[in-house]
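This report refers to the structure that appears directly beneath it.
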Amino acid sequence: MPDPSANPLGRYLRDRRTRLDPAAFGVAGGRRRTPGLRREEVAQRANISPTWYTWLEQGRGGAPSADVLDRIATGLMLTEPEREHLFMLGLGRLPEMRYRRVDGVTPRLQRVLDALEVSPAFIKTAIWDVVAWNRAAAVLFTDYAQLPREQRNILRLMFGNARARAAQTDWHGVARSVVAAFRADAARAGAGAAEEVARLVDELSRTSPDFAEMWRDNDVAGHGDGHKRLHHPDAGDIELEFSGFAVDGRPELGMLVYNPVSMDDAERLRALIAASPV
39 MPDPSANPLG RYLRDRRTRL DPAAFGVAGG RRRTPGLRRE EVAQRANISP TWYTWLEQGR
99 GGAPSADVLD RIATGLMLTE PEREHLFMLG LGRLPEMRYR RVDGVTPRLQ RVLDALEVSP
159 AFIKTAIWDV VAWNRAAAVL FTDYAQLPRE QRNILRLMFG NARARAAQTD WHGVARSVVA
219 AFRADAARAG AGAAEEVARL VDELSRTSPD FAEMWRDNDV AGHGDGHKRL HHPDAGDIEL
279 EFSGFAVDGR PELGMLVYNP VSMDDAERLR ALIAASPV
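When we follow this note's numbering, the leftmost residue of the sequence shown carries the number 39, and every step to the right adds one.
Written out as structure tokens, the structure is:
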């Protein structure tokens, strides 16, 4: 029989299992030779065969499926980081993103945005709804607080807001890259976001011939970093470079931070922020 200590997945499963309190699951107490739940109890909670679960802990039977790992994660009450670690050990990859609607962020995350005084920054969902932003973003891009919640969407702004379109010095290039990056994010969001993605794509395809054409092209691109030039009616052209960041523990969220390229861009942006009532 393979040595469980040489099997990282089995070792991790056993460690998580032995940390669980049987009483918390309504399991009768009594004398137990080892702490935590028994293998058959975890298997029952995960709705899998006790033999199959035992083989996983012992490093036998081959790689488990994503569905089995998901059920085991639920049975062991794993946190999201623990679930991700389980998938990395079992399949060598992260699990499919669990899409969920987001209406805001924690105060701590908002303070991160607010600390970036001269760097416009916002947090978006997998379907590109903006759910948090800082003052610099409100001044340079748009005051999201003044928009209805459903209009705080980057694609709706890009293809349906005249001010957002006029601010882009290369609107077609930017719009095309946004659509390609949105397609990649929508695919990563998985089945949980499919209905909302389809509704948004249908709406924009009906209201914007430009979007319909770009969506039909099926381009896919990343949105990790880049460079853009924005035209502001008061400050003129401002060059920015941007970087995208994942929000740890919240795979459905991404943060975009824009930094002025030059000292002159930074000073004009700082003056714009200082003079704005937003």
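Yeah, the Cβ is synthetic: ideal placement off N, Cα and C, and Gly gets one too. Computed from a prediction, not measured in an experiment: that's the story for all the values here.
Classify residue i: buried if its beta carbon has 16 or more other beta carbons within 10 angstroms, exposed otherwise.
i	result
Pro271	exposed
Met252	buried
Gly292	buried
Tyr296	buried
Arg83	buried
Glu233	exposed
His261	buried
Arg149	exposed
Glu290	buried
Can you tell me whether DSSP reads residue i as helix, strand or coil?
i	result
Tyr50	helix
Pro42	In this prediction, Pro42 has a pLDDT of 46, which is less than 50 and means its spatial position is unreliable; what the coordinates show is noted afterwards. DSSP places Pro42 in helix when its eight states are reduced to three.
Gly128	helix
Ala153	coil
Val143	coil
Glu134	coil
Gly113	helix
Arg76	coil
Look up residue i in the DSSP assignment and give the residues it is bridged to.
i	result
Met293	Ile161, Phe283
His261	None; His261 has no bridge partner.
Ile276	Leu268
Asn191	Asp167
Pro102	Looking at the DSSP assignment, Pro102 forms no beta bridge with any residue, so it has no partner.
Pro298	Leu278
Contact defined as beta carbons within less than 8 angstroms: I believe residue i pairs with residue j. What is the distance between those atoms, to the nearest angstrom?
i	j	result
Arg190	Asp167	6 angstroms
Arg109	Ile86	6 angstroms
Next item on the list: Determine, using beta-carbon pairs with one atom in the segment 127-134 and one in the segment 198-212, whether at least three such pairs fall under 8 angstroms.
Entry: no
Next item on the list: Indicate whether the contact test is met: 3 or more Cβ pairs, each with one atom in the segment 43-55 and one in the segment 74-81, closer than 8 angstroms.
Entry: yes
Margin query: Within 8 angstroms, do at least three Cβ pairs link the segment 269-288 to the segment 298-312?
Written below: yes
Check: If we count Cβ pairs, one from each stretch, closer than 8 angstroms, do we get three or more for the segment 145-159 versus the segment 170-181?
Finding: yes
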